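Note sheet for the following structure.
Protein chains: 2
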Amino acid sequence: MAARQMIIGMHLGNGYGNLPGAWRAPSVDPQSYTSFDAKVRHAQAAERGKLQFLFLPDGPTHVGDLANEPPHFNLDVMVTLAAVARETKRIGLVATGSTTFNEPFNLARQFKALDVMSHGRTGWNAVTSSGEDVAANYGRRLPSSADRYARAHETVQLVQTLWGSWGKDAWVHDQASGRFANAEQVAPVNMSGKFVASRGPLYIPPSEQGQPVLFHAGGSPNALELAGRFASGVIGAAFTIDDARTQRAAFRASAERAGRNPDEIKFFAGLMTTIANSRREGLDRRITLSGRTFTQRASYLGQMLGLRLDPARLDEPLSPEQLAGARPSPGDPRSVQALKIAREGWTLRDVLAHGVIDYHPVIVGPAVHAADHMQEWFEAGAVDGFWVSPDIYEDGVDAFVEGVVPILQARGLFHREYDGATLRHHLGAPTQYGIDPRLAL
Amino acid sequence: MAARQMIIGMHLGNGYGNLPGAWRAPSVDPQSYTSFDAKVRHAQAAERGKLQFLFLPDGPTHVGDLANEPPHFNLDVMVTLAAVARETKRIGLVATGSTTFNEPFNLARQFKALDVMSHGRTGWNAVTSSGEDVAANYGRRLPSSADRYARAHETVQLVQTLWGSWGKDAWVHDQASGRFANAEQVAPVNMSGKFVASRGPLYIPPSEQGQPVLFHAGGSPNALELAGRFASGVIGAAFTIDDARTQRAAFRASAERAGRNPDEIKFFAGLMTTIANSRREGLDRRITLSGRTFTQRASYLGQMLGLRLDPARLDEPLSPEQLAGARPSPGDPRSVQALKIAREGWTLRDVLAHGVIDYHPVIVGPAVHAADHMQEWFEAGAVDGFWVSPDIYEDGVDAFVEGVVPILQARGLFHREYDGATLRHHLGAPTQYGIDPRLAL
């Protein structure tokens, strides 16, 4: 039997990359934010690397420094993925869609239409919205977390039920007999919950994978429960192997409590990459593009280490006194890694350029370092795979695909070819049409 | 100065065409309902004919005979148009989006994303939903017409305001200076009405036409008022020149009352086509494909003419007694044309095959007949153009493009080339960004 292999997704965000200054790189079209050519190009690059899915985060608002940095998200995830679906063949397409401010019927319709268009490659990252700024775009106040998750449970069940409301074998389309559909297999769902309701049916036949695959993102007890019931994939965030392993185990246990096989839920940790010939070259790339943000980050790093760091002294390493007096914040798992880097003697600027206060572990340097990191986490049982966020899509996807992927393949850790055509196949997710009968009310 | 020329749109519906049996035609892929290849192909055919826009109706439900006929609408209009946008260059893309069951922020985002993707070719047919079956898909009862139109007015204003909330010159994207945006030109809208509200801003820069163009469909006094204020195009329905001229004049007067130039609103009448070498050939095509529906239609035609028509005698012309005793229903403008056809001596089957009880005037026969019809209506001041619904997309678009378009061009009634690249240009609609200042509250 073949050894277990990791599954890799790629973050597809604003068209530039995870570095705030990615849009300024000489190789980058500064209009990539509105360029669907650019997004298709990045998706195709990921597909050349046989990556199993693209992941599009979303959150219809922007909190940031727009004068200097682009918005974080796609103009619209469904419109973007429709373009990508037509211009790729195998890679899965996972879009975030909020259960808080969308109608279930509209979610069901758009995701299943995309699934049909992509020939069974679509996933729905079903999340709850947070932030009063998002709620305000819908003229509302943010509901309580309990209400948001209650609505999410109802919405996911209703959407999946609508997906199954056009019977699996309903569509006959037999020109000779004139029978278009087995109408008796296209039935209303008539579901009504506390928060959402719909009559249905939804008039969309099954895709090649039946219906979209569910993802979830988040680490709260509520997220754990929702993902355990419904998700085939979890978009995770973890800074250490221990943290990832604990999270993965919790999601697996939650799936088991819901009556599922724990292998049905895959945990993906985030990984940010600057692949370069050397660590020095990688650090310089990051400094050139996003060094402007380091002054502010220096004081944040100081808080994390319990030190007063002087943003005016970015070119000096931390002093022996500072290193000795550092008290890494126990509440921030990044602080241990940050102190480790600082102790290697890098200047404050270089320490920051390592991405020590970023949202995920950051690899800066040769491809083999990323491969080593991924292998270590994977073999420790901490993850089923990763979702990778390159510093700059324009060349960072290629750097990952041409540098890291072949190493993982040579080590037997990653497949060499797509051996199936649907996202459900790529994930090893079980067949499902409509709601999971084990979970039906 | 160039003579006024007509504007032509093409209906892009379920992938088959306006004949209920279109899906059974030998040339048709019976899976066109789920085939985006088919929809792209039909759109490209319309673009070869230099048509100014595609029109996608929508109404998230289906009332019909699914055993024998496909659903009427696209799987999802936005997903479909995203594919079409990437694979066409000039033709406008007009999608129907309900103001009744959609969040304004979501509408604003998807339509403007599509407008950016299509480089300024998008139009929004902003309608109110009707039918309890649609409302039930959203777990609601249908609001009163007054409430639906009040919400529509608020929604259109809010959506247009959100479109303008990213200032026209806000996006600098200057790599050298590092200035991404003039953040002070990206402002919240903070609009709050009785039915909808949003804070904004929407983070999408202008398209090549600034923002999508508004369309409306409907003939009620409420529709007249909404279209008069906001619409650049009206998707109309009229059976006679007089009816069309009256409607067009009413929309123009409504625009004038709203402070606009009446030429800013274009009225498009529907036209259904079966283009064939002869009328006989066209009738046979329609009978072969949709003759099954004629039994039911015979009794409907009987009601329309005040006659008892025997569905068992489809192969006989109406008798002299029947023709003499016919009393065409004064409430149904189709009845005059139906009686005229019946008096020509066609069999009952052939009368029905003329499409006399269809939703729009139907041309069955040589291309020149369609061209004559269009010229007559256009020169009578009854329309600014048409939206054409071919019997079968797979060859009916080509038949129109290769047959009717060259005649109209030779007569100087239709342009020979796109002389602009945006829908706003194709329609001659004035520049607008954000809400029309003449209408601002």
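Heads up: the sequence lines are chains A and B, in that order.
Residue 397 in my numbering is what sits at position 397 of the first sequence, and the numbering runs on without skipping anything.
Position in the second sequence counted from 1, then plus 1000, gives you my numbering.
Think of the CB as a built atom: it goes at the ideal place given N, C-alpha and C, for glycine as much as any other residue.
From a predicted model like this one, the values you see are computed outputs, not experimental measurements.
* Pull up the DSSP beta-bridge partners for Thr128/A, would you. => The partner list for Thr128/A (beta bridge, DSSP) is empty, contrary to what the question assumes.
* Is DSSP giving Arg48/A helix, strand or coil here? -> helix
* Asked: What does Ser1198/B reach in chain A if we use C-beta pairs closer than 7 angstroms?
  -> Asn137, Tyr138 and Gly139
* **For Met1001/B, the three-state DSSP class (helix, strand or coil)** => Note that Met1001/B has pLDDT 46, beneath the 50 cutoff, so the model's placement of it is unreliable and the number below is only indicative. DSSP places Met1001/B in coil when its eight states are reduced to three.
* Distance, Cα to Cα, Ala1146/B vs Arg1109/B? -> 26 angstroms
* Beta carbon of Glu264/A, beta carbon of Ala253/A: below 8 angstroms? -> no
* Could you give the uninterrupted runs of the alpha helix (DSSP H) lying entirely in the region 1404-1429 of chain B, keeping only those of 4 residues or more? -> 1405-1410 and 1423-1427
* CB contact check: Glu1069/B to chain A, cutoff 8 angstroms -> yes
* **Per-residue contacts from Ala1183/B into chain A (C-beta, under 7 angstroms)** => Leu66 and Ala67
* Could you tell me whether the Cβ atoms of Leu1214/B and Ser1198/B are closer together than 8 angstroms? => no
* To do: Report, in whole angstroms, the separation of the C-beta atoms of Trp1387/B and Ile1235/B, which I expect to be a contact under 8 angstroms.
  => 6 angstroms
* If you run the structure through DSSP and keep just helix, strand and coil, what is Gly1013/B? -> coil
* Relative to the alpha-carbon of Val1063/B, which residue among Pro188/A, Gly385/A and Pro143/A has its alpha-carbon at the smallest distance? -> Pro188/A
* To do: Determine contact between the region 1403-1419 of chain B and the region 1212-1228 of chain B, defined as no fewer than three beta-carbon pairs at a distance below 8 angstroms.
  => no
* Asked: Which term fits Thr431/A, buried or exposed, when burial requires 16 or more other beta carbons within 10 angstroms of its beta carbon?
  -> exposed
* Asked: Taking only beta-carbon atoms, is Pro430/A less than 8 angstroms away from chain B?
  -> no
* Are Thr34/A and Pro1212/B touching if we call contact CB-CB under 8 angstroms? -> no
* Asked: Leaving out the 5 sequence neighbours to the left and right, which residues in its chain are closer than 6 angstroms to His1426/B when beta-carbon positions are compared?
  -> Gln1052 and Gly1092
* Asked: Can you find a C-beta in chain A that's less than 8 angstroms from the C-beta of Leu1352/B?
  -> no
* Looking at C-alpha atoms only, which residue of Val1196/B, Ser1192/B and Thr1122/B is the closest neighbour of Arg1148/B? -> Val1196/B
* **Cα-Cα separation between Gly49/A and Ser27/A, rounded to whole angstroms** => 20 angstroms
* Asked: Out of Val84/A, Ile241/A and Leu75/A, which has the shortest C-alpha to C-alpha gap to Pro60/A?
  -> Leu75/A
* Tell me, please, whether the CB atom of Gln1322/B is closer than 8 angstroms to any CB atom in chain A? => no
* Along chain A, in chain order, which residues have C-beta atoms closer than 7 angstroms to that of Glu1103/B? -> Phe101 and Tyr138
* Just the chain A side, please: which residues come within less than 7 angstroms of His1415/B by C-beta, in chain order? => Result: empty, since nearest Cβ-Cβ is about 28 angstroms, beyond 7 angstroms.
* To do: Report yes or no: do three or more beta-carbon pairs, one from the region 1363-1376 of chain B and one from the region 1326-1342 of chain B, lie closer than 8 angstroms?
  => no
* Is Leu1441/B helix, strand or coil when you go by DSSP? -> At Leu1441/B, the pLDDT of 49 sits below 50, so the modelled position is not reliable and the matter cannot be decided from this model.
* Measuring alpha carbon to alpha carbon, tell me which of Ser177/A, His216/A and Ala152/A ends up nearest Lys194/A. => Ala152/A
* Asked: Does any C-beta atom of chain A lie closer than 8 angstroms to the C-beta of Ile1435/B?
  -> no
* State the Cα-Cα distance for the pair Ala382/A and Gly219/A, rounded to the nearest angstrom. => 15 angstroms
* Count the other CB atoms, across all protein chains shown, that sit within 10 Å of the CB of Ala3/A; report buried if there are 16 or more and exposed otherwise. => exposed
* To do: Compute the Euclidean distance between the alpha carbons of Ala1045/B and Glu184/A, then round it to the nearest angstrom.
  => 36 angstroms
* Would Arg1343/B count as contacting chain A if we go by Cβ distances under 8 angstroms? -> no
* Asked: At a Cβ threshold of 8 angstroms, is Leu1075/B touching chain A?
  -> yes
* Asked: Where do the N-terminal and C-terminal ends of the alpha helix (DSSP H) with Phe294/A fall, by residue?
  -> Phe294 to Leu305
* Beta-carbon proximity list for Arg257/A, same chain, < 8 angstroms, skipping 5 on both sides -> Gly228
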